[in-house]
Structures are given as structure tokens and as C-alpha cells.
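Quick note: the sequence shown, position 525, residue 525 per the UniProt record's numbering, numbers continuous. All C-beta atoms in this analysis are idealised placements derived from N, C-alpha and C, irrespective of residue type, glycine included. None of these values were measured; they are calculated from a predicted model.
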Amino acid sequence: MSEFLVIVESPAKAKTIERYLGNKYKVKASMGHVRDLPRSQTGVDVEHGFEPKYITIRGKGPVLKELKTAAKKAKKVFLAADPDREGEAIAWHLAHSLDVDIQSDCRVVFNEITKDAIKESFKHPRPINMNLVDSQQARRVLDRLVGYNISPLLWKKVKKGLSAGRVQSVSVRLIIDREKEIQDFTPEEYWTLEGEFLKGKNQFSANFHSFIDVGKTELKSEQDVKNVLKQMKGNKFKVISVSKKERKRNPAPAFITSSLQQEAARKLNFRAKKTMMLAQQLYEGIELGKEGTVGLITYMRTDSTRISEIAQVEAANYIREEYGEDYTKEEQRKEKKQSNAQDAHEAIRPTSTLREPNHIKEFLSRDQFRLYKLIWERFLASQMAQAVMDTMSVDLQNGNVLFRATGSKVKFPGFMKLYVEGSDDQVEEKEKMLPDLKEGDEVLKKDMDPKQHFTQPPPRYTEARLVKTLEELGIGRPSTYAPTLDTIQKRGYVALDNKRFVPTELGEIVHELMFEFFPDILDVEFTAKMERDLDNVEEGKVAWADIIDEFYRDFEKHLEIAEKEMQTVQIKDEPAGEDCENCGSPMVFKMGRFGKFMACSNFPDCRNTKPIVKEIGVTCPKCKEGQIIERKSKKKRLFYGCNRFPECDFISWDKPLPRSCPKCEGLLVEKKLKKGIQVQCIECDYKEEQQS
Numbered sequence: 001m002s003e004f005l006v007i008v009e010s011p012a013k014a015k016t017i018e019r020y021l022g023n024k025y026k027v028k029a030s031m032g033h034v035r036d037l038p039r040s041q042t043g044v045d046v047e048h049g050f051e052p053k054y055i056t057i058r059g060k061g062p063v064l065k066e067l068k069t070a071a072k073k074a075k076k077v078f079l080a081a082d083p084d085r086e087g088e089a090i091a092w093h094l095a096h097s098l099d100v101d102i103q104s105d106c107r108v109v110f111n112e113i114t115k116d117a118i119k120e121s122f123k124h125p126r127p128i129n130m131n132l133v134d135s136q137q138a139r140r141v142l143d144r145l146v147g148y149n150i151s152p153l154l155w156k157k158v159k160k161g162l163s164a165g166r167v168q169s170v171s172v173r174l175i176i177d178r179e180k181e182i183q184d185f186t187p188e189e190y191w192t193l194e195g196e197f198l199k200g201k202n203q204f205s206a207n208f209h210s211f212i213d214v215g216k217t218e219l220k221s222e223q224d225v226k227n228v229l230k231q232m233k234g235n236k237f238k239v240i241s242v243s244k245k246e247r248k249r250n251p252a253p254a255f256i257t258s259s260l261q262q263e264a265a266r267k268l269n270f271r272a273k274k275t276m277m278l279a280q281q282l283y284e285g286i287e288l289g290k291e292g293t294v295g296l297i298t299y300m301r302t303d304s305t306r307i308s309e310i311a312q313v314e315a316a317n318y319i320r321e322e323y324g325e326d327y328t329k330e331e332q333r334k335e336k337k338q339s340n341a342q343d344a345h346e347a348i349r350p351t352s353t354l355r356e357p358n359h360i361k362e363f364l365s366r367d368q369f370r371l372y373k374l375i376w377e378r379f380l381a382s383q384m385a386q387a388v389m390d391t392m393s394v395d396l397q398n399g400n401v402l403f404r405a406t407g408s409k410v411k412f413p414g415f416m417k418l419y420v421e422g423s424d425d426q427v428e429e430k431e432k433m434l435p436d437l438k439e440g441d442e443v444l445k446k447d448m449d450p451k452q453h454f455t456q457p458p459p460r461y462t463e464a465r466l467v468k469t470l471e472e473l474g475i476g477r478p479s480t481y482a483p484t485l486d487t488i489q490k491r492g493y494v495a496l497d498n499k500r501f502v503p504t505e506l507g508e509i510v511h512e513l514m515f516e517f518f519p520d521i522l523d524v525e526f527t528a529k530m531e532r533d534l535d536n537v538e539e540g541k542v543a544w545a546d547i548i549d550e551f552y553r554d555f556e557k558h559l560e561i562a563e564k565e566m567q568t569v570q571i572k573d574e575p576a577g578e579d580c581e582n583c584g585s586p587m588v589f590k591m592g593r594f595g596k597f598m599a600c601s602n603f604p605d606c607r608n609t610k611p612i613v614k615e616i617g618v619t620c621p622k623c624k625e626g627q628i629i630e631r632k633s634k635k636k637r638l639f640y641g642c643n644r645f646p647e648c649d650f651i652s653w654d655k656p657l658p659r660s661c662p663k664c665e666g667l668l669v670e671k672k673l674k675k676g677i678q679v680q681c682i683e684c685d686y687k688e689e690q691q692s
């Protein structure tokens, strides 16, 4: 009989840990929480200190019964849920259900699921940390009071199925505010003037910078450009200044939850939800053949960039052996800690640098491999030497006109040899070489290229941008980003257009009602302060019920006013512009779980629905009769096919164009490449210059 019972959340984690602990330990999974607030009622006694009413979660009875039986047979029970607030709360609920003394050394935590980490953690069990439990409990009660009081109001006044929450409501507000900024934006004209110059046979470019007697000058119109050209005399420019500098560049720190979600979106095109699901699998353990089940990364919900000394030493030895001494860090760099970071865990890193991605590729799914490789490279690069860039700036004078040329080249790649952080703006740092120029040299003007531009509005939020903004504002915590983004889309408050969030009519209506009657819930600073208050509960500085009481006093007043004064809003369905082929009633647009679709307005008498078909103006090249339309695969990947399917089975992953190949009259398509789009013919080798 096993002497000790260990309870974790998931079967995958249980399987990994049991192998490390040996025969004396039996490891079982609780499958997450076993107790929670009831779904059918608020479950919070506001009259008696906001006491929560916990019940066994429906369907968890058999699991709990099995755990109770195992606990009675065991000499000691260890609760080894995840090392965060949620995990501490799960352990507390389990202790209550299994009659485990929370003051006993029953709680075991570890940041990575490796043999050494697991064995070390069981040498240092501790009591359950009630500050952590209270912090999670405060968040749960707070969200329940908001959700279960406002949501029924929205069902009654707008439509069923809606919800409101602290973080989700602020997220929708940010998206709506950004859309208003875009709509109110007035573009301003500006010009650039780029010159091509020759030094001997070497050609290089420089941009207009200023007038000598005025200083830095902006070109706001075509007349300003003409004024510059008018003041230039002849084709000779004199080099009046040459500045050469060495610039050092630090690597990005190892991932935290938010930066992992952002970089996976940029580089792998992963949604936040998918990133966290894959990271959970890598953390809990992957079967690696003879090595058995191994946790490949450290805990993936963290806001700390801290790295353990053991991991640093292992990484340094690996870098020294694979890249050479020059590529190792000269000294420990101090990572900048965010003011709102809890710093409870390490950064997200591989559990062993020696477990190279390509060595274990055969054991991972394609997406698991891609995410693990990203985490491995980012961590290793964070432990490598700085990159060193040689930069050069040259000022060229012609009369009163000054042009400036800049160039740079990599002197020593350092961490860049392995990994460079992505960017939301897709600005790629390229080497730009200048010829060897000295003060007093003369160069010849070859050409001048004036270009008109207009300022652009701020960009819409991608998932990555929104996560970054929420983090910067101190709203939400690592575990909340992915479910929040998922919820606001499922509720139909926002939609993704070209991977960017746009508010829906429903989202704007709900936002206006929330803004009118519950302004605090939408206030960014108020929500950020609430997060800080929850952190104070965790640190034992304040009682959790006091935080809730302070919030609820004002909230209750707003709720009473909203109940009386909130007007009923009728959302009319948008006409689709065609009639139902079954009953002749007008078709309307509806929003469903998988996006917009057409449905008969005579519902429920007529249940006809149709997908929205988007033609791209191209005749099918195969049957010559149908039209090419946009379609989506089961995995939501966009492709193009004939609208006569299944009679015609033409499909293309690349977007067909409404013009023929000038070489063979074949079909031209837009092929998406890493650095832009290229037009290619599908029947011959014709290609057009790549567009960025």
C-alpha cells in the first residue's frame, strides 16, 4: 500500500510526478477545482461579511469520492496544485473536502516538473498559505458580484447570453476607444526627400534633414520640397561631418506570460488561448521515448523575468561549448522588474537547456515543437552576450541644404546569432552600409526622390497589442489574459478583422450602458487599483472582506439606479439584402459562435441559415463558369474555392487575382511570404517584385 497520497490537477502531471517519486507515493488528479460557488445563484452572503457558499462542482462527485477513499488509506496527504493563487485555492478546497489540516505541512509547490525539482520540493512541504487563498477568494467573490448582478440586467434590457466583468469590460472599452480614435483621426500631409549619391563607384542614399541657418526642418507640402530643391546649387555635396559610434544591444529577457503570448502571436500566428494550452502541455510533461515523461518548461503563468542560478550556469556552459566564450554574458544583467509584478516564480524557460528542440522534435506535435523552440531560443538568447553594432552618420551640405545619411552593420552578432525579438510594427532592422567617407570629401548627387505621405491613425489592437496594453495598465494578471480575450469574442462584443479587434454594434451598446450606470467598472485606474488591492491581500496587508466591502457599497447604489433607469434596447438585425429561398422572407445577418452568418427573419417558423459568401471577382480557372469565393477550413484557415462546389473542386490556399499571367495567360495568385506578398503564376515561373 502507498504510504503517501499526492494530489495534483491533471492526469498528465500526475503521471509525470508519480514516476519521479517512487512506490511509496500514489499521485492522483483532482481535475482542477472540486468546489466552487453555485452556478444557479450568486452564492455570496453580502449581509454576513460576503461569506461565500461553496458546493461540490457538478460532475466532480465521483472524483472527490475516489480522492476521499485514497486519503483515508494514506499515511499523509500532499496537495501539489499549481504554484499560484488559483493552485493555493484548489489545495485549500481539497483540504476542506478531505479533512486535511491546513496548518500541517501538506502543501508542496514546484516551478518545474523535473526529477530534481520534484524531489527537492517534497523536502520542504509547508502549510497552506491563507493569504494566497484569500486573494483568490476575493477575486472570485468580486467577479461573482459584478457578473451575477450586471449580467441579468443586460439580459433583461438588451438580450440573453450577455455578460459583464471587470477585466473584460475594460478590454472592450480599450477596443472601442481605439476605434473612436481611428474614426476621429485627421491625416496630415508630410513629405520626404531622399537623394541618391555617388562616392566614386559607390552609391548610397541620404535624406533631407535641415537648412543650415534654420535647423531641423519638416517638409509639410510639395512647395516645401520645391523650396529645398530650389536652394540646391549644382550636383556636388560636401561631407561636413562624419560620426562613427559603437552601439550595444541587449537581448530581450526570458518570457513572462504576456510576452510569450505576444511573441507567439507575432512569430507563430498563435491566439493567446492556443499558446497557453500548448504551454500547459509542455509544462505538465511530454513522453520522450526512453527518457519517459518530462516537463519541458517551467510554470507558464508568471510575471517575473528572474532566472535560477542553476539554469544560468547550465545555459552559460552550453553557450560556451556551442558558440564560444565570446558569446557568453560578461556579467549578470539586471532585468527590469515591473512595478506590478508579483515575482512569485521564475521566467518561462526550458527545464534543461541541453534538451535542444531538434533533438526532441519527433516526440512533439508541430505546434508544441514550434512553441518549445521559441521558448528555448528566447531563454538561451537572454543569457548570451550583447550584440555590437557599428553605426555611422554623415552630413552632406550643398549651400544652405543639409542631407543626412545613416548606416549600420553588425560588428558582433552576440545573441542575434540565435534570436531577435519580433515587433508588432514589423520594422526589421537591416544592415545599411555607407562608403568610407571623411570630412571634406565631395560626393555627387545622382537623383532626388520626393515622396508624399500622410500620417496614419493608431493601429487597431491585435491580441498581442491588447495583452501588452492590459499588462502596462496593470489590469488583469497572467492567468486572465487568454480567457478574457476569448470571452469578449464569444459574447459578440468584438470581432476579429484581419487579426485585429473591431467593436460590434452589440459591444458598443453594452459599453454605453455600462459607462452610464457602472462607470467604475470601466475606469482603467479603478480596475488597476483593484488589482493592487488584491495583491495587498496576498501580502497580508489587508483583509479580503474589507476590499469587497469598500467596492460593494458604491456598486450596490449604482445597481439600484440601473434597475430603475436603464432603458430597454432593441437590437435590430441587419438586412442581408436577399430573400430566403425556402419561405421568401428577408434574410438577416446574425452573429453566432463561429462568426457572422445569414438566417431567415421568419425564425422560428423557418430555420434556414446560410454562410456569408464573399466573392473576390475572379472566374474559376478550372470550370470557367463559377466564381471564386473565400472559404474557411475546419481549422479556420482561409482558402479559396469555386462556388459550384462539389461540381467543381478547384481550391487554392493563395488568393487568386483578377488578371492573367502576362507570360502564359495562367492564373496569378498572391503568395504570403514571411516578409511580404509576392505575385506568382501557378502554371509558369513568372514572379513579380515582392511587396512589403
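- Listed in chain order, the beta strand (DSSP E) elements of length 3 or more contained wholly in the segment 129-174 amount to none.
- Residue environment analysis places F454 among the exposed positions, since fewer than 16 neighbouring C-beta atoms fall within 10 angstroms of its C-beta.
- Beta-bridge partners of A387 (DSSP): R249.
- At a Cβ-Cβ threshold of 8 Å, V8 and A81 count as neighbours.
- Your pair T298 and E346 checks out as a contact, with CB atoms roughly 5 Å apart and the cut at 8 Å.
- About 6 Å separates the Cβ atoms of V510 and Y493, confirming a contact at the 8 Å cut-off.
- Annotated as distal: L142 and F526, with beta-carbon spacing of 8 Å or more.
- Contact holds between the segment 386-399 and the segment 240-251, because three or more Cβ pairs, one in each stretch, are under 8 Å apart.
- Excluding its 5 nearest sequence neighbours in each direction, M232 has C-beta neighbours in its own chain below 7 Å: N398, G399, V401, listed in chain order.
- For the beta strand (DSSP E) assignment, the uninterrupted runs of no fewer than 3 residues enclosed by the segment 189-243 are, from N- to C-terminal side, 189-199, 202-211.
- I286 is the residue among T351, I286, E314, G32 whose C-alpha sits nearest the C-alpha of K361.
- The beta carbons of S151 and S169 sit no closer together than 8 Å.
- For H345, the three-state secondary structure derived from DSSP is coil.
- N398 has V401 as its beta-bridge partners, per DSSP.
- CA-to-CA, the gap between P483 and Y283 works out to about 19 Å.
- At least 8 Å separates the beta-carbon of I55 from that of E508.
- By the Cβ criterion, the segment 467-481 is in contact with the segment 259-272, since at least three pairs of Cβ atoms, one from each stretch, lie closer than 8 Å.
- Assignment of Y25 by DSSP, reduced to helix, strand and coil, places it in the strand class.
- Under the DSSP assignment, I90 falls in the alpha helix (DSSP H) whose first and last residues are 85-98.
- Apart from sequence neighbours up to five positions away, the residues of its chain that approach R644 with a beta-carbon distance below 8 Å are C620, C623, E625, G626, ordered along the chain.
- Less than 8 Å divides the Cβ of P251 from the Cβ of F415.
- At the C-beta level, L37 and K53 come within 8 Å of one another.
- For the 8 Å CB-CB criterion, K445 and G195 form a contact.
- In the DSSP secondary-structure assignment, G676 is bridged to L673.
- Cβ atoms of E689 and C661 stay farther apart than 8 Å, at about 15 Å.
- P125 sits in coil when the DSSP states are folded into three classes, being neither helix nor strand.
- Checking the DSSP bridge columns, you'll see Q627 partnered with T619.
- Here the alpha carbons of D84 and A543 stand approximately 19 Å from one another.
- For R35, the three-state secondary structure derived from DSSP is strand.
- Shown here, L668 sits in a strand according to DSSP, grouped into three states.
- Under the three-state reduction of DSSP output, H48 falls in the coil class, being neither helix nor strand.
- DSSP, reduced to helix, strand and coil, places Q183 within a helical segment of the structure shown.
- Residue range 257-268 is occupied by the alpha helix (DSSP H) that includes A265.
- Scanning its chain for C-beta atoms nearer than 8 Å, with the 5 sequence neighbours on each side dropped, one finds around V146 the residues A164, G165, R166, I521, F555, in chain order.
- Going by beta carbons, F197 and L396 fall inside the 8 Å limit.
- DSSP places T480 outside both helix and strand once states are collapsed to three, so it counts as coil.
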